[in-house]
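A.B. asks:
2 protein chains.
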Amino acid sequence: METFFTLLARRVDECASLLCVGLDPHPADLPAPTADAARTFCLHLIEQTAPYAAAFKPNSAFFEVFGAEGWTALKEVIDAVHAESKRLGSRIPVILDAKRGDIASTAEAYARAAFETLGADALTVNPYLGRDAVEPFLRDPNKGVFLLCKTSNPGSADLQDLTVGSGQQTADRALSSAVRRLPSVSLYEHVAYLAQTWNTADNLGLVVGATHPEALARVRSAAPDLWFLVPGVGAQGGDLKSALRAGLRMDGKGLLINVSRGISRAENPRLAAVEFREQILAFRRPKV
Amino acid sequence: METFFTLLARRVDECASLLCVGLDPHPADLPAPTADAARTFCLHLIEQTAPYAAAFKPNSAFFEVFGAEGWTALKEVIDAVHAESKRLGSRIPVILDAKRGDIASTAEAYARAAFETLGADALTVNPYLGRDAVEPFLRDPNKGVFLLCKTSNPGSADLQDLTVGSGQQTADRALSSAVRRLPSVSLYEHVAYLAQTWNTADNLGLVVGATHPEALARVRSAAPDLWFLVPGVGAQGGDLKSALRAGLRMDGKGLLINVSRGISRAENPRLAAVEFREQILAFRRPKV
Chain B
313 METFFTLLAR RVDECASLLC VGLDPHPADL PAPTADAART FCLHLIEQTA PYAAAFKPNS
373 AFFEVFGAEG WTALKEVIDA VHAESKRLGS RIPVILDAKR GDIASTAEAY ARAAFETLGA
433 DALTVNPYLG RDAVEPFLRD PNKGVFLLCK TSNPGSADLQ DLTVGSGQQT ADRALSSAVR
493 RLPSVSLYEH VAYLAQTWNT ADNLGLVVGA THPEALARVR SAAPDLWFLV PGVGAQGGDL
553 KSALRAGLRM DGKGLLINVS RGISRAENPR LAAVEFREQI LAFRRPKV
Chain G
313 METFFTLLAR RVDECASLLC VGLDPHPADL PAPTADAART FCLHLIEQTA PYAAAFKPNS
373 AFFEVFGAEG WTALKEVIDA VHAESKRLGS RIPVILDAKR GDIASTAEAY ARAAFETLGA
433 DALTVNPYLG RDAVEPFLRD PNKGVFLLCK TSNPGSADLQ DLTVGSGQQT ADRALSSAVR
493 RLPSVSLYEH VAYLAQTWNT ADNLGLVVGA THPEALARVR SAAPDLWFLV PGVGAQGGDL
553 KSALRAGLRM DGKGLLINVS RGISRAENPR LAAVEFREQI LAFRRPKV
């Protein structure tokens, strides 16, 4: 059976790209604040950028704001990526950015909503509730999870940068003792260690913002094998090269660089996607 | 202007109840796995229990699983609570349990989706992304937020029980130094301290599970003034009296005890709600 990250890695090879195109129909970018306009906005972006996209990432909030009609539009946008994949003969994964997280029976319903009802291939998930709240999203190895680790916003420091001291208890005793031996571990590094051990089916990655390249490097050393979804390049101030330098795996993979406004607000989104892909490739080449 | 917690406290007085009725149309409890069945399930519960409910808490996941139709059903369920409130002449707040949390511009869209599109009065929010991700949900004092603090599931220990050591940085320096003076603070207590300082508009409370009464007592001492939404009584194993003992404020308020399956799966949900309300009242009486 193909795991989510086998699917992603194949697409990365087929399109020679680590670019994830964010589908964020922000009301300010729409001609009118309607679900129809959100759909049109995204379908245009998909049509323009699909050949250069290793993945697409629709942002659930900008659809939910339109209620049931927004939900229909979101489903159509995800369907459109699957249709475009067929046309190109190369499956492009859809990562639904919805940052869900709840106790087990509820998490199961969220997993079904994202993976079955909407047809997404992967989902962003919040780690605050712990392992039993993440597990229902990981049950199907075909479907992936990107666990929030170090987010791109300034407020990420409030919790994620806290030093987690010795004496903590986790469900995983071996891990607790490993963490205890480390001199000073931030909460986001702890999440990275947890994710590295929880990834038993090759379908768990991390969200690490490009706005904190030092944090990205620390997360890479805590989770050397995992894929990272990296938002924050461009509009949020993250630097592409610093992110690649800090986060690429030895095999020149392991990073999915998300760009949303940097492409959607460009005069020519196709050209912007081509250029982002080229910039990433230029950096990758010496390493692969 | 009325704040969210003024609204809630008035309803608590008017119905002499601290009971929050959870609206969780779990597929296993429905005659058929459809949005229609979910709506009927919830409308029946609302009709049966409204006189004894200080609040209703629909669980978003069990509607999202039905896609756009589920979203429509969720909106109709929320509307039904508002209609029932008019009939009773006493406004019953709707707390949408959706555990959202994202960076600022996205959080704004989630806030609009919950408060404007769906018409909820309050929302559960995940604290992992920090203050700037919570703030967009707090802008309208009429609308409330319950921030996840110590959740009712076993895995809550994985992150929430971690000891946050000295040396951490937060956006709030005075708070950092206050926390540093404390001997040993768990992440969930840190979140409680943060929430206590972030609650400048009387519209921020906490989610604290009834399954951990010692934790509930610690959160109460960290956040003496806040309202807590307390899930986990009954099906999840939390004990009602222990929760009340550990969490009630000096004024006999400050706790909203959520019961979902304990009411919805009862032979007579109305009677079950009456009995839960009575048990809570019996415990409260000596204190007020």
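Protein chains in written order, with the working numbering: chain B, 313 to 600; chain G, 313 to 600. Where is the CB? At the ideal position from N, CA and C, for every residue including glycine.
1) Is the Cβ of Val377 of chain G closer than 8 Å to any Cβ of chain B?
2) Grouping DSSP H, G and I as helix and E and B as strand, with all else coil, what is Arg403 of chain G?
3) Could you pull out every residue in the same chain whose Cβ sits closer than 7 Å to the Cβ of Arg328 of chain B, ignoring the five residues on either side in sequence?
4) On the three-state DSSP scale, how would you describe Ser478 of chain B?
5) Alpha carbon to alpha carbon, how far is Val389 of chain B from Cys354 of chain B?
6) Under the three-state reduction of DSSP, which class applies to Arg412 of chain G: helix, strand or coil?
7) Can you name the start and end residues of the beta strand (DSSP E) that Ala504 of chain G belongs to?
8) Rounding to the nearest angstrom, what Cα-Cα distance links Lys455 of chain B and Val519 of chain B in this structure?
9) What does DSSP give as the partner residue(s) for Val324 of chain G in the beta ladder?
10) Expressed to the nearest angstrom, what Euclidean distance is found between the alpha-carbon atoms of Ser533 of chain G and Tyr505 of chain G?
11) Counting only C-beta atoms, is Phe427 of chain B closer than 8 Å to chain G at any point?
12) Given this structure, state the Cα-to-Cα distance separating His394 of chain G from Ser498 of chain B, to the nearest angstrom.
13) Note down the Cα distance separating Asp537 of chain G from Gln508 of chain G, rounded to an integer number of angstroms.
14) Between Ile415 of chain G and chain B, is any beta-carbon pair separated by less than 8 Å?
15) Answer yes or no: do Leu583 of chain B and Ile569 of chain B have a C-beta to C-beta separation smaller than 8 Å?
16) Among residues of its own chain, excluding the 5 on either side of Ala347 of chain G, which ones have a beta-carbon nearer than 6 Å to its beta-carbon?
17) What is the DSSP secondary structure of Gly550 of chain G, counted as helix, strand or coil?
18) If we define contact as Cβ-Cβ less than 8 Å, is Leu471 of chain B a contact residue for chain G?
19) Going straight from the alpha carbon of Leu459 of chain G to that of Thr463 of chain B, what length do you get?
20) Check whether the stretch 394-404 of chain B touches the stretch 435-451 of chain B, counting contact only when three or more Cβ pairs, one atom from each stretch, lie closer than 8 Å.
21) Nearest to Asn371 of chain B by alpha carbon, out of B:Arg351, B:Thr361 and B:Asp514?
22) Chain B beta carbons: is any one of them nearer than 8 Å to that of Ala380 of chain G?
23) Pick from B:Val406, B:Leu408, B:Ile404 and B:Tyr422: whose alpha carbon is nearest that of Lys411 of chain G?
24) Just to confirm the assignment, what range does the beta strand (DSSP E) spanning Gly312 of chain B have?
25) Report the residue from G:Ala349, G:Leu335 and G:Asp325 whose alpha carbon sits nearest the alpha carbon of Gly574 of chain G.
26) Could one say the Cβ of Asn570 of chain B lies closer than 8 Å to chain G's Cβ atoms, at least one of them?
27) Could you please give me the residues that DSSP links to Thr436 of chain B through a beta bridge?
28) Quickly, what does DSSP pair Pro337 of chain G with across the bridge? List them, please.
29) With a Cβ-Cβ cutoff of 8 Å, do Asp473 of chain B and Tyr500 of chain B count as a contact?
30) Using the C-alpha atoms, what's the distance from Lys387 of chain B back to Thr315 of chain B?
31) Quick one: Cα of Ile562 of chain B to Cα of Glu376 of chain G, how far?
32) When you compare each of G:Pro543, G:Asp514, G:Ala365 and G:Arg530 to Val586 of chain G by their alpha carbons, which one comes out closest?
33) Relative to the C-alpha of Gly549 of chain G, which candidate in G:Arg596, G:Pro466, G:Ala558 and G:Ala513 has its C-alpha closest?
C.D. replies: Taking the coordinates as given:
1) The residue labelled residue 377 of chain G in the question sits at position 65 within the second sequence. Interface residue, yes.
2) Taking the first residue of the second sequence as 1, we reach residue 403 of chain G at position 91. In the structure shown, Arg403 of chain G sits in coil (DSSP, three-state: anything other than H, G, I, E or B).
3) As a first step, residue 328 of chain B must be located in the first sequence, where it is residue number 16. The sequence as given places Ala at residue 328 of chain B; Arg does not occur at that position. Here the set comprises Leu593.
4) Stepping through the first sequence from its first residue, residue 478 of chain B is reached at position 166. Residue placement at Ser478 of chain B is poorly supported in this model, since its pLDDT is 48, which falls under 50; the coordinates still yield a value, given next. Ser478 of chain B: coil per DSSP, three-state reduction.
5) Residue mapping note: residue 389 of chain B aligns to position 77 of the first sequence, counting from 1. Residue mapping note: residue 354 of chain B aligns to position 42 of the first sequence, counting from 1. Rounded to the nearest angstrom, the two C-alpha atoms are 7 Å apart.
6) The count along the second sequence starts at 1 and reaches residue 412 of chain G at position 100. Strand at Arg412 of chain G.
7) Indexing the second sequence from 1 puts residue 504 of chain G at position 192. Premise fails: Ala504 of chain G lies in the alpha helix (DSSP H), Leu499 to Trp510, not in any beta strand (DSSP E).
8) Here residue 455 of chain B refers to the residue found at position 143 when the first sequence is read from its first residue. Here residue 519 of chain B refers to the residue found at position 207 when the first sequence is read from its first residue. Whole-angstrom Cα-Cα distance: 16 Å.
9) Taking the second sequence and counting its residues from 1, the one referred to as residue 324 of chain G is at position 12. Looking at the DSSP assignment, Val324 of chain G forms no beta bridge with any residue, so it has no partner.
10) Numbered from its first residue, the second sequence carries residue 533 of chain G at position 221. Numbered from its first residue, the second sequence carries residue 505 of chain G at position 193. Going from the Cα of Ser533 of chain G to the Cα of Tyr505 of chain G covers about 9 Å.
11) The residue you call residue 427 of chain B lines up with position 115 of the first sequence. By this cut-off, Phe427 of chain B is not an interface position.
12) Along the second sequence, one-based indexing puts residue 394 of chain G at 82. Along the first sequence, one-based indexing puts residue 498 of chain B at 186. One C-alpha to the other measures close to 44 Å.
13) Mapped onto the second sequence, residue 537 of chain G falls at position 225. Mapped onto the second sequence, residue 508 of chain G falls at position 196. Rounded to the nearest angstrom, the two C-alpha atoms are 7 Å apart.
14) The sequence position of residue 415 of chain G within the second sequence is 103, counting from 1. Taking Cβ atoms only, chain B reaches closer than 8 Å to Ile415 of chain G, which makes this a yes.
15) Counted from its first residue, the first sequence places residue 583 of chain B at position 271. Counted from its first residue, the first sequence places residue 569 of chain B at position 257. Taking 8 Å as the Cβ cut-off, Leu583 of chain B and Ile569 of chain B do not qualify as a contacting pair.
16) What you label residue 347 of chain G is simply residue 35 of the second sequence in a count that begins at 1. Taken in chain order, the residues that qualify are Phe378, Glu381, Gly382 and Ala385.
17) Walking along the second sequence from the start, residue 550 of chain G turns up at place 238. It is a strand residue.
18) Your numbering for residue 471 of chain B matches position 159 in the first sequence. It does; some Cβ of chain G falls within 8 Å.
19) Along the second sequence, one-based indexing puts residue 459 of chain G at 147. Along the first sequence, one-based indexing puts residue 463 of chain B at 151. The straight-line gap from Cα to Cα measures roughly 18 Å.
20) no
21) Looking up residue 371 of chain B in the first sequence gives position 59. Among B:Arg351, B:Thr361 and B:Asp514, the Cα nearest to that of Asn371 of chain B is on B:Arg351.
22) As a first step, residue 380 of chain G must be located in the second sequence, where it is residue number 68. Judged by the 8 Å Cβ criterion, Ala380 of chain G is in contact with chain B.
23) Taking the first residue of the second sequence as 1, we reach residue 411 of chain G at position 99. The shortest Cα separation from Lys411 of chain G among B:Val406, B:Leu408, B:Ile404 and B:Tyr422 belongs to B:Tyr422.
24) Because chain B is modelled from 313 through 600, residue 312 of chain B falls outside the range shown and cannot be assessed.
25) Start at 1 with the first residue of the second sequence, and residue 574 of chain G comes out as number 262. Looking at the Cα atoms, G:Leu335 is the closest of the given residues.
26) The residue labelled residue 570 of chain B in the question sits at position 258 within the first sequence. Asn570 of chain B does not count as touching chain G.
27) Position 124 of the first sequence, counting from 1, holds the residue named residue 436 of chain B. According to DSSP, which records beta bridges pairwise, Thr436 of chain B is partnered with B:Phe458.
28) By one-based count along the second sequence, residue 337 of chain G stands at place 25. Paired residue(s): none; Pro337 of chain G is not in a bridge.
29) Locating residue 473 of chain B in the first sequence gives position 161, counting from the first residue. Locating residue 500 of chain B in the first sequence gives position 188, counting from the first residue. Yes.
30) Residue numbering aside, residue 315 of chain B sits at position 3 when the first sequence is read from its first letter. Residue numbering aside, residue 387 of chain B sits at position 75 when the first sequence is read from its first letter. Going by the C-alpha atoms only, they are around 23 Å apart.
31) In the first sequence, the residue the question calls residue 562 of chain B occupies position 250. In the second sequence, the residue the question calls residue 376 of chain G occupies position 64. The question names Ile, but residue 562 of chain B in the sequence shown is Met. In a straight line, the C-alpha of Met562 of chain B is about 40 Å away from that of Glu376 of chain G.
32) For this step, residue 586 of chain G is matched to residue 274 along the second sequence. Checking every option, the nearest Cα to that of Val586 of chain G belongs to G:Ala365.
33) By 1-based counting over the second sequence, the position of residue 549 of chain G is 237. The shortest Cα separation from Gly549 of chain G among G:Arg596, G:Pro466, G:Ala558 and G:Ala513 belongs to G:Pro466.
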